[in-house]
Every structure is written in C-alpha cells, then in structure tokens.
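Reviewing the structure listed below.
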Amino acid sequence: MPHVYAEHKDWMLCRGCGELQKIVAVSTEHEMVCWNCNKLLHRGHGNWLQSASALVFTAFILFLISQFFPFLTLEIGSQSHTTTVIDGFWALMERDSWLLASLIITTTFLFPLLEILAFLYLLIPYSLNRRVPGQAAVLRWLMVAKAWSMLEVFLLSVVISAVKMADLAVLHLGLGFYALLLLVGVLLIMHLTMDRRKLWSWISTNNYFTVHEGETVYDCRICQAMVGESIVENEQRCPRCCSEIHKRVPKSMQKTLALIVAATILYVPANILPIMTFSTLGDVSTNTIISGVVELVVDGLYGIATIVFVASVLVPILKLVVLYYLVWSVYARWQIGAKHRAILYRVIEVVGRWSMVDVFVVTVFVALVQFGFVYTVELEGAIIAFGAVVMLTMIAAETFDSRLIWDARNAQIQKEREQVESKQVAMSQQANPLK
Ligand SMILES: [Zn+2]
Ligand SMILES: [Zn+2]
C-alpha cells in the first residue's frame, strides 16, 4: 500500500510535457497554461455544478429528439423520403457494409449516448453528495471516450450533403436536425463547464502517492494524480483511478510508427479508388475524393469544396507528415524546437477527427437516397480505406507520448546542471584542500 504523503490539491503535472507546477486559482472564463509548453492546464469554472446539471438534462432530451424524430426529408417530384440519424446505419447494414456501419453507430449514437448517461450518472450523485458504485470507472471511461463521440463532425457533413443535394431535390430540415444542432452546442458547453479535477477529488481526495519522500512523480493520464516512481515501476497502476500508468507510454514510438505506416499505405487506395457511385436514369457518375472536390468547384460551391478538401485531403496528409516528423525528432533526440513540436502535436490531436466528414457525407447520401427513387447511391472501396486512414491516424496520435518531445532537452539540461555542480565541488576542494 503506497504511503500518501500529502494532498497536493494545488500541484499538477503538465500532460503535454510532464513538468510539475503550482496551480493558481483563475476566475471563470480564464485559463492557466503550462509555463513550459503552453498546454492548457485548467480553466476557471465558477459555479459549474448547477449549469452542468441543467445542461446534461437538456442534452439527454435533445439527444432523444435528434435520434428518433425526422431528420431530413428529401423530395423529388411526387416522391418524398424522410430519414432519421439511425437510418444511415440501417442503410449501410443493408449493403453489408458492417464495418462502416459499426463505425457510424459508434461515433454518432453509442458514444454520444453513453457520454450523456455517464455525465448524468456522475453529476446527480455529486450534487446530492452521494456515493454510487463504479463512479471512478465511469469518469475514467468518459475521459477516454470523448475523442470518439463525433456529433459535431456529423452535423457538418449533414450541412455539406444538404448543399450538394440542393440542385437535385428539395430538402426539408426536420425537428431532429434542429435538436442535433442544439445538442452539439450543449455538449460543447458541457465539456467546457465540467470541472474534472473537482470530480476526481470528490471521488478520492488523495492525488499524490509516493513511497519515499522526494521521489520523482509521474502524471496519471486519466485522473491527473501524481504518482511516485516506485509505484509506477512496481505496480504500474494509478492508486486513485486504477488505470495503467507508465513513465512513458510503453513502446510509444514503435506503435505510432506502425500505425502511421499502415495509414500511409491505405491512403493510396483511399484516394485512387472511387468513394461513391451516384446514378440517375442511366447516367452514372463515380467519384473519388479528389474528383468530388473538383465537382464542387465546377458547381461553384467554393466554400464546401474548401471544407471537403481541407478535411479529407489536407488534414490526413498533414497528420501523417507531422507524426513522421515527431517520431523522427524523438529518435534523433532533437533538443531544439520542442515548444513548436508540442504545438504541432496539439494541432493534429484536435483537427484529426474532422477528417471523418467525408465518411459521414457518404453515409448521409446513402441513407437519404433510398430504393425506389430515380437516384441511387452506392458505396465504393475507397470509403473503407479512407475510414481506416482516419481511425489509424487518430489512434497513432493517441499512442504518441508527447512527453517524449521534451526528454532529450531535459536530459541535456540535467547533464549541464550536474557538470556545473561537479565543477563547483572541485573548485571548493581546491580552495580548501583540507576539506
Ligand atoms: Zn507543459
Ligand atoms: Zn489515475
């Protein structure tokens, strides 16, 4: 059992670079960033509990409306077809595209729902100050799952699909669409107002675990507890939240490299193969990602063309190049430019998910244009390859341990410090040979 030396409520290890620093209280709408790498450490939350509880209830109701009420209605001549969000999943299942279907159902239904339920499960007992079983596990899950709940990306893809279809048919936005629009906003505010540090310290007040006084501490990536070197080495689990803890993510470089190499290989078929076939009365048009963008430009839809180009072409390339660059810089033990590399890493971590836009656009098309219409839409091979590229690069960014960026530089600083110290000892011995 580790000995807990103190509750260090006002100390924290930066997740980006691993530096230990003192937390200062900040007022609402203000932020405290790491002095070393500029990563956001914490944000002023004010009286967050009331607003968070109200928001989570609103989110739950909006979620139900967005999923089960009509989302979009497509009208062509005398025919009309209404879809809900979940129809995209069924349309994919009908085409035996279960891999894609499970990706869609996970990111637009399962994870957002579980996310809202997890918030409810945590906030109601917290406001009543009651303990319920499995709180730590639920909060732990919430931290991991956040990246895979993609309603905002889905919303953007619905807007793109609607604009693309505008000249083919009349589109009516349903109640479900407006509910989703509000839900995305509510979820965003909820994540910003939620004070995770408070929740963790409510679950367990201790956040500093060491066996020997003064040993080096490492940060738990989930609950941000500070855990001493000997516990990290021997138990490899965080004493507070029970998640795995390591000095550095094990084999981080190898895993990241393997994932980005796989993504690079898949990037080729994702761009060469067609992504979707659209046919109407014998007129068949097959699009790749690039030709889809070109078509948008020809149609004069420059705004949408830019969004699709950035999300589907530029971001995946940028992500791959940056990850190769980061892996290389760590292997080569670069000491300079760590701050810039840390910023690059944070950028790709945030923008990566938006590449899912094209996958969602195709799903919306397939869901909207059902059998019996003058139009038919079929999926093509590139969609799976492209979806895999997005997934693999997202996992690669998660596997990459950003603290590695700082290691070479910190080792050099440590070495210089030791040299200065040994020089000082030698000088004091020279000055006083009797010592
Ligand atoms: Zn930092
Ligand atoms: Zn922990």
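All the letters of the sequence shown, read from the start, carry residue numbers 48 to 482 under our numbering. Ideal Cβ positions, reconstructed from N, Cα and C, are used throughout, including at glycine.
Which residue comes first and which comes last in the alpha helix (DSSP H) that contains residue i?
i	result
N318	299-319
F447	Careful: F447 lies outside any alpha helix (DSSP H) and carries neither H nor E.
K86	Counting along the chain, K86 falls outside any alpha helix (DSSP H), and DSSP gives it neither H nor E.
D405	404-415
M190	182-192
L96	95-115
F136	134-141
L373	362-378
Flag residue i as yes when its Cβ comes closer than 7 Å to any non-hydrogen atom of ligand 1, and as no otherwise.
i	result
E66	yes
N254	no
Y457	Strictly speaking, residue 457 in this sequence is Asn, with Tyr absent from that position. Incorrect: N457 has no Cβ contact closer than 7 Å to ligand 1.
K86	yes
Hey, quick one: how far does the beta strand (DSSP E) through residue i stretch, first residue to last?
i	result
Q126	126-130
W58	58-60
T324	323-327
N334	330-334
T423	422-426
L121	119-123
M273	273-275
D266	264-266
V80	78-80
V217	217-220
L67	67-69
Quick check: the Cα distance between residue i and residue j, rounded to an integer number of angstroms?
i	j	result
H293	Q283	6 Å
V279	I269	14 Å
A165	R464	47 Å
R168	Q182	In the sequence under discussion, the amino acid at residue 168 is Tyr, which differs from the Arg named in the question. Y168 and Q182: Cα-Cα distance of roughly 8 Å.
V73	G399	30 Å
L365	V179	44 Å
T446	K470	41 Å
R450	Y372	15 Å
T324	F158	30 Å
K302	V296	10 Å
L215	L367	36 Å
G223	Y422	24 Å
M212	N281	59 Å
A352	L361	12 Å
T131	F118	5 Å
V424	I322	11 Å
V258	K69	21 Å
A272	R287	7 Å
D448	S338	37 Å
F115	I307	38 Å
I163	L170	10 Å
S334	P316	Inspection of the sequence shows that residue 334 is occupied by Asn rather than by Ser. So the two alpha carbons sit approximately 13 Å from each other.
N85	W453	13 Å
A385	M59	21 Å
V103	I236	10 Å
S332	G347	18 Å
A192	T155	12 Å
E468	S376	29 Å
My understanding is that residue i touches residue j, with C-beta atoms under 8 Å, so please give their C-beta distance in whole angstroms.
i	j	result
L343	A429	17 Å between Cβ atoms; not a contact.
D242	H92	4 Å
V404	I207	7 Å
L234	S113	That belief does not hold up - the Cβ atoms of L234 and S113 are roughly 11 Å apart, past 8 Å.
L146	I431	6 Å
F356	V369	Actually they do not touch by this definition, with Cβ atoms about 18 Å apart.
R456	D266	Their Cβ separation, rounded to whole angstroms, is 18 Å, which puts R456 and D266 out of contact at 8 Å.
L160	F110	6 Å
V413	L426	6 Å
L415	H128	7 Å
V231	E260	Contact doesn't hold; Cβ gap of about 48 Å is too wide.
M474	A194	No, M474 and A194 are not in contact; Cβ-Cβ is about 53 Å, not under 8 Å.
Does ligand 2 have a heavy atom nearer than 7 Å to the CB of residue i?
i	result
C81	no
A435	no
I269	yes
S290	yes
R287	yes
A272	yes
For residue i, is the beta carbon positioned less than 7 Å from some heavy atom of ligand 3?
i	result
G63	No copy of ligand 3 appears in this structure; the ligands present are ligand 1 and ligand 2.
Of all Cβ atoms in chain B, is any one closer than 8 Å to the Cβ of residue i?
i	result
L102	Checking the listed chains, one finds no chain B in this structure; it contains a single protein chain.
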